[in-house]
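Residue numbers (the numbering used here): 200 to 414.
Now the structure itself:
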């Protein structure tokens with residue numbers, strides 16, 4: 200029931216540059232591989248920064264002689280420090296990091312911070328290609344039946360364009376947010392509409408013992 204990890208969707212064959220890679224060579228790498236950015240690494244494959252096409256364009260804006268001279272190497276142009284992720288992190292967590300930091304790609308590093316892959320927006324978006332039927336089946340089998348130990352028909356699950364709608368009645372109130380939250384974190388889910396009811400309010404604060412017998 201866990202979401203896909205970054206390691207499962209990342210691109211392993213990474214186009215990279217070193218700090219001393221000439222500016223024009225970086226441009227050729229981006230053009231030849233038809234990519235918009237790449238990581239910059241040291242001799243031990245540890246990520247020093249990330250370089251994007253917008254970084255290169257920014258350099259060209261300084262060529263009018265009124266600003267610092269243009270950069271000559273990848274190390275002069277790259278954005279540093281790099282925002283990285285580890286392969287065991289989930290795709291939703293990586294997507295949130297990417298959105299929060301406003302980046303298009305995340306170098307993936309091992310426990311020694313060495314580059315082992317790269318995750319782009321396109322890589323992360325692949326999980327949303329799951330069919331609605333596949334999502335519905337996972338919600339019913341893995342959450343309703345297995346996790347909550349409910350009959351499969353206790354909760355009606357409808358999925359349309361990745362939006363999960365939950366209807367029906369569960370036994371305890373606490374099961375409602377658990378079901379909604381778990382469904383929301385599944386790969387391919389873009390939203391959850393909660394129409395669930397409950398029989399027992401187990402979230403209600405208990406009456407203090409010294410008031411239990413009060414008239």
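Note that CB positions come from ideal geometry on N, CA and C, so glycine has one too.
To the nearest angstrom, how far is the alpha carbon of residue 369 from that of residue 353?
7 angstroms
Can you find at least 3 beta carbon pairs, one from the stretch 318-325 and one from the stretch 344-361, that sit closer than 8 angstroms?
no
May I ask which residues mark the beginning and end of the beta strand (DSSP E) holding residue 318?
314-319
Tell me which same chain residues have a C-beta within less than 8 angstroms of the C-beta of residue 393, skipping the five on either side of it?
365, 375, 379
Within the chosen definition, does the stretch 248-256 reach the stretch 220-234 through at least 3 CB pairs nearer than 8 angstroms?
yes
With a threshold of 16 other CB atoms inside 10 Å of the CB of residue 316, please say whether the residue is buried or exposed.
buried
At the level of alpha carbons, what is the spacing between residue 314 and residue 373?
42 angstroms
Using a 10 Å radius around the Cβ and a threshold of 16 neighbouring Cβ atoms, would you call residue 385 buried or exposed?
buried
Kindly identify the DSSP beta-bridge partner or partners of residue 365.
356, 393
Rounded to whole angstroms, what's the CA-CA distance from residue 238 to residue 330? Just pull it up for me.
33 angstroms
Chain-order list of residues whose beta-carbon lies under 6 angstroms from that of residue 203 (same chain, five-residue window excluded):
290, 326, 386
For the alpha helix (DSSP H) containing residue 387, name the first residue and the last one.
Element bounds for residue 387: n/a, residue is neither H nor E.
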